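Q: This is the structure I have questions about; it appears just below.
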Amino acid sequence: METNSLLQRYRSDRRKLLEFMLSCGLIKEIRTPSGPTLSLSNINLDVISADYVLECVQSGGVLDVSLAAKKYGNERRHPKTIQMHTSDAYFLVTDPESAGSHPQRVPPPIMKNHFNNNGTYHSDLTDFSLYGDDCGVNSKTAGTAGSFNINQAALPSIGIPALKTGLLDDDLRESAYEVFLACMICSGLEVRLTEGKKKEKSPKFLAGLKRREKRHSRSLSGSLSFNRNSELIEIFRTQMQISEAMDSLTRRKLVRLASEKSFGQIDVPQITLGLLNDTIKSEFQNEKSYIQWKNRQANILEELLSAEQSVGVFLAKIRNFEEWDIQMSPSKCREVLYSIRNIASALSSMPGNCGLQGETYYWSAGYPFNMRLYEKLLLGVFDILEDGKLIEEADEILKLIKSTWPLLGITQKLHDVLYGWVLFQQFVGTEEAMLLEYAVRKVRNIPSSEGVGKNEKKYLESLVCHNCCSGSESRLNLVQSILWSIGLWCDNKLQDYHWQFCQNPYLFKGVLSMALAIGNQKFDASGNMEMMLNASNEIIDDKVRMYVERSAEAACKRVTDDINTGSKIDKKHPLALLASELKSIAERQLTVYHPVLRHWCAEAGVVSALTLHRFYGERLEPFLKNVSCLSEDVKQVLAAAILLENYLIELHSSEQVESGMHSPLMFDFEHEIGEIARPIILDWVIAQHARILEWTGRAADLEEWEPLSHQQKQAASAVEVFRIIEETVDQFFELRLPVDITHLQALLSIIFHTLDAYLQKVVNQLVDKHNLYPPAPPLTRYKEAAFPSAKKKLVESVVLDNAVNKKLDALTTSKLCVRMNTLQYMQKKISTLEDGIRESWSAVRVLKDQTRSDEDSHWTSNGILEMCSESVDELFVATFDCIRDSAADAIRRTCELVGK
0 METNSLLQRY
10 RSDRRKLLEF
20 MLSCGLIKEI
30 RTPSGPTLSL
40 SNINLDVISA
50 DYVLECVQSG
60 GVLDVSLAAK
70 KYGNERRHPK
80 TIQMHTSDAY
90 FLVTDPESAG
100 SHPQRVPPPI
110 MKNHFNNNGT
120 YHSDLTDFSL
130 YGDDCGVNSK
140 TAGTAGSFNI
150 NQAALPSIGI
160 PALKTGLLDD
170 DLRESAYEVF
180 LACMICSGLE
190 VRLTEGKKKE
200 KSPKFLAGLK
210 RREKRHSRSL
220 SGSLSFNRNS
230 ELIEIFRTQM
240 QISEAMDSLT
250 RRKLVRLASE
260 KSFGQIDVPQ
270 ITLGLLNDTI
280 KSEFQNEKSY
290 IQWKNRQANI
300 LEELLSAEQS
310 VGVFLAKIRN
320 FEEWDIQMSP
330 SKCREVLYSI
340 RNIASALSSM
350 PGNCGLQGET
360 YYWSAGYPFN
370 MRLYEKLLLG
380 VFDILEDGKL
390 IEEADEILKL
400 IKSTWPLLGI
410 TQKLHDVLYG
420 WVLFQQFVGT
430 EEAMLLEYAV
440 RKVRNIPSSE
450 GVGKNEKKYL
460 ESLVCHNCCS
470 GSESRLNLVQ
480 SILWSIGLWC
490 DNKLQDYHWQ
500 FCQNPYLFKG
510 VLSMALAIGN
520 QKFDASGNME
530 MMLNASNEII
540 DDKVRMYVER
550 SAEAACKRVT
560 DDINTGSKID
570 KKHPLALLAS
580 ELKSIAERQL
590 TVYHPVLRHW
600 CAEAGVVSAL
610 TLHRFYGERL
620 EPFLKNVSCL
630 SEDVKQVLAA
640 AILLENYLIE
650 LHSSEQVESG
660 MHSPLMFDFE
670 HEIGEIARPI
680 ILDWVIAQHA
690 RILEWTGRAA
700 DLEEWEPLSH
710 QQKQAASAVE
720 VFRIIEETVD
730 QFFELRLPVD
740 ITHLQALLSI
750 IFHTLDAYLQ
760 KVVNQLVDKH
770 NLYPPAPPLT
780 RYKEAAFPSA
790 KKKLVESVVL
800 DNAVNKKLDA
810 LTTSKLCVRM
820 NTLQYMQKKI
830 STLEDGIRES
840 WSAVRVLKDQ
850 TRSDEDSHWT
860 SNGILEMCSE
870 SVDELFVATF
880 DCIRDSAADA
890 IRRTCELVGK
């Protein structure tokens, strides 16, 4: 409400300033279509360009009202600028500080029609208003700021001919209500006059909304003060934003018109003439509102009777305030209206061109005006305070609106198309999914061309629209044009649905349903469009395939541009980043979009997987040709490519897995990577051998055989050796590259030689038990038999060399205990290490087998037959049992040394 009051104040101030400039003598002459004038009463200042008036003031020239109105329309279509010495200053619609930085994506194509500065369509520039009333008191798009990406572009123009007089949306809305009320009265429905009602202090239509709530509460208690039809009309008046004062005046005029029997079938010119008859300025709240109302009626007559040149003279008299309201007598005014009525009656008596029952001249001649009026009536069923919702009485009001069909030339098919169009426009503006669902239902119910009679088909063909398609203009009828516009909008969004629906994916199904409900659209040689609303399964399948492929291509291009422009702050190779981003796209495709797409195209996952695979493969192939060693970049890229490959295979086989079928697809990332990676991985493993042996020997040479702590009695060198081995094992399996049994054999060989070398160093530090001094004395045992006297042997002295003496000095009791604890620690760690490697190897095999079919699971990535699990077990046994034997032998020799 605060925004509305500010808007009204702005309009009032603008009119006062223009009145001041035009009345203070700064302009020599004011010219109107009916000639020069000195009065400002018959000039609509709301559609006069202020900049043009200032130019006329500066030049002291003549003000052309028609040119001023034209310049005003141009200003509404294009942003304003101020010419400065340095540059041009632009008046922006949005706040540049809150708008953020410029978008990184490519801008959308320029449509034929543009939004005006208030964010809504101007009725004389476009086909139908997109969001409702043009900058009215309660414009339905005021302040709308949705986060829905697909709302960034307007619906394409449907190419309906523009109105000649530039009627605004407010004018069309008020005229639509007058037509609705006239049809209600002339159809025999009793419409209560409102003279007896207490008038409002202000004409604000929202006051009626409060009374509507009160009436609803009274209806619940059963205390209705008037019948249902009157209540519905009152609700519709509130929805159409008509004040009670204006409604009362209109009802009186139309009731009087209905009492006259001089006319046959009612039409818009007769309604307009009936409203103008004997209407004076005092019946309005102020002179300004009267002049605007009168000019609106004159513009309507000009729209519908422009074929007769003589009408222009009479309309000029009506528009001229001084002549019509001051100089001419009431009888003279009635004569002018009578003359116009004769012309209108002559036109209305002309037979229709298509032979439809009830068809009049105005059905085809005035269809741009009639269709706009009917659209305004349909917009009246949307809540004025929440335009994403239909009012509760929508179905009942639509039944009342149906009474306008004979007057406006609406058939059932036209109603379904126009109502679907209005619903879809409201969806685009409000992001309300329920409106989209209603629109899809309406479009699906549209009868096909075969279901329409010959005369009606001819009538529909006469409602010509001009559209621009692929750089050339085509002629479509109104139904085709609306469906073409909706279909084109949906196509534009669905061809990049990964981006358009990233924030609100729940709307994806509805937009796809609408696009497929529209069906196939083709243009023949003459430019006419052939449409099949119930497209065959083959056509739908092809269309969905096109959406999937183009959206995947757009998503690929977008992530590539982001990576190339440095938007990814990550120290990774670009190809690794690209693979990661494409994997995210594939994940979203599988979890979000594929469950919807599979209902129309079972192979949507296959198409998406192939597109992503082809895109990444074209960029990976040059990189693979230059791979010679396992550098950090190579490890990143190859590992990311394998992860992407595995997920693409899952996406490709998603539908077959769900249906219990499988159609294997030989992706070649892993095959190519396997061919390149297999030798360089083996080289990498072999290169670790010398490094590990060097570090293991160093740890053993520095060992002093002191326990790690009171709790850990083993030596630090053994812990260090296993740390080095485990680190190497982790690096091997973290490569995430295609490995086979050859690589496993090389890894186990490193482990064997490393531990064996360490054990050899431990054993070599021992001395032979014969080098101990003194030697062990002979032992005797008691026997009852007599023993012969034994000769005592002399103790033999052995001279030990310095190397043995040093070893003996190092073999203290505490150090021998540490050695024993270390060897036992190694036995435990060997078993733990074996289990860890087996588990990691099994994980690698399971991951590979998950991406293969049952028939191909025994094939490795390079096509060589995989060794059976028994061979792998034998390899583990041969390696670790041998190491265990070496450790046991070291323990045995240590025990022999200490005499155990």
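Taking numbering that gives the first Met the number 0 as reference, the numbering of the sequence shown is continuous, increasing by one, and the terminal residue is 899. Yeah, the Cβ is synthetic: ideal placement off N, Cα and C, and Gly gets one too. Computed from a predicted model, the values in this text were never measured in an experiment.
1) Express the C-alpha separation of Asp495 and Leu475 in angstroms, rounding to a whole number.
2) When the Cα of Ser65 is compared with those of Arg14, Gly24, Val595 and Thr164, which residue comes out closest?
3) Going straight from the alpha carbon of Ala175 to that of Leu372, what length do you get?
4) Based on the DSSP secondary-structure assignment, which residues constitute the bridge partners of Asn466?
5) Tell me, please, whether the CB atom of Asp560 is closer than 8 Å to any CB atom in chain B?
6) Should Gly926 and Val439 be called a contact, given that it needs their Cβ atoms to be closer than 8 Å?
7) Which residues does DSSP list as the beta-bridge partners of Ile29?
8) Starting from Met370, follow the alpha helix (DSSP H) in both directions and report where the run begins and ends.
9) Taking the alpha helix (DSSP H) that Gln710 belongs to, which residues open and close that run?
10) What would DSSP say about Leu765, mapped onto helix, strand or coil?
11) If you reduce the DSSP assignment to three classes, tell me which class Leu647 lands in.
12) Between which residues of its own chain and Thr36 is the CB-CB distance below 6 Å, once the five residues before and five after are set aside?
13) Could you tell me the boundaries of the alpha helix (DSSP H) in which Tyr437 lies?
14) Does the distance from the CB of Leu747 to the CB of Thr878 come in under 8 Å?
15) Flag this pair as touching only if the segment 542–549 and the segment 602–615 have three or more C-beta atom pairs under 8 Å; answer yes or no.
16) At what residues does the alpha helix (DSSP H) containing Tyr927 begin and finish?
17) Could you give the distance in angstroms between the alpha-carbon of Lys582 and the alpha-carbon of Tyr646?
18) Just grab the DSSP bridge partners of Ala714 for me.
19) Straight-line CA distance for Arg250 to Ala553?
20) I'd like to confirm the pairing. Which residues does DSSP put opposite Leu389 in its beta bridges?
21) My output table needs one value for Ala57: the three-state DSSP class, helix, strand or coil.
22) Please determine if the segment 325–335 and the segment 353–365 are in contact, where contact requires at least 3 C-beta pairs separated by less than 8 Å.
23) Taking DSSP as the reference, what is the three-state secondary structure of Ala306?
24) Taking the alpha carbon of Arg255 as the point to measure from, which residue in Gln240, Gln269, Gly273 and Ala244 has its own alpha carbon closest?
25) Pull up the CB-CB distance for Glu833 and Phe875, whole angstroms please, since I reckon it's below 8 Å.
26) Could you tell me whether the segment 241–248 touches the segment 294–312, where touching means 3 or more Cβ pairs closer than 8 Å?
27) For a quick check, are the C-beta atoms of Arg613 and Leu574 less than 8 Å apart?
28) In whole angstroms, what separates the C-alpha of Ile234 from that of Leu417?
29) Could you please give the first and the last residue of the uninterrupted alpha helix (DSSP H) stretch that includes Thr403?
30) Please report how far the alpha carbon of Ala745 lies from the alpha carbon of Leu506, in whole angstroms.
31) At what residues does the alpha helix (DSSP H) containing Glu548 begin and finish?
32) By Cβ distance below 6 Å, which residues in the same chain neighbour Gly365 in space, the five residues on each side in sequence not counted?
33) Leaving out the 5 sequence neighbours to the left and right, which residues in its chain are closer than 8 Å to Val684 when beta-carbon positions are compared?
34) Using only the alpha-carbon positions, how far apart do Cys816 and Trp694 sit?
35) Since Val451 contacts Lys401 with CB under 8 Å, what's their CB separation in whole angstroms?
36) How do the segment 373–382 and the segment 271–287 stand: do at least 3 beta-carbon pairs fall below 8 Å, yes or no?
A: This is what the structure holds:
1) 27 Å
2) Thr164
3) 5 Å
4) Ser473
5) The structure shown contains no chain B, having only a single protein chain.
6) Past the edges of the chain, shown from 0 to 899, lies residue 926, and the structure says nothing about it.
7) Thr36 and Leu62
8) Note, Met370: alpha helix (DSSP H), Tyr366 to Leu378.
9) Counting along the chain, Gln710 falls outside any alpha helix (DSSP H), and DSSP gives it neither H nor E.
10) coil
11) helix
12) Ile29
13) If you look at Tyr437, you'll find it in the alpha helix (DSSP H) that goes Ala432 to Arg443.
14) In this structure, Thr878 lies closer than 8 Å to Leu747 by Cβ.
15) Judged by Cβ distances under 8 Å, the segment 542–549 makes contact with the segment 602–615, as three or more pairs qualify.
16) The shown model of the chain, from 0 to 899, leaves out residue 927, and the question about it has no answer.
17) Taking the straight line joining both Cα atoms gives about 7 Å.
18) Pro706
19) 57 Å
20) Phe381
21) Looking at the sequence shown, residue 57 is not Ala but Gln. Residue state, collapsed to three classes: helix.
22) no
23) DSSP places Ala306 in coil when its eight states are reduced to three.
24) Gly273
25) With 8 Å as the limit, Glu833 and Phe875 qualify as a contact, their Cβ atoms being about 6 Å apart.
26) no
27) no
28) 22 Å
29) Taken as a continuous stretch (DSSP letters only), Thr403 belongs to no alpha helix (DSSP H), as it is neither H nor E.
30) 54 Å
31) Asn536 to Asn563
32) Cβ within range, chain order: Leu303.
33) The residues are Phe731, His742, Ala745, Leu746 and Ile749.
34) Distance from the CA atom of Cys816 to the CA atom of Trp694, rounded to whole angstroms, is 25 Å.
35) That pair is no contact at about 18 Å.
36) no
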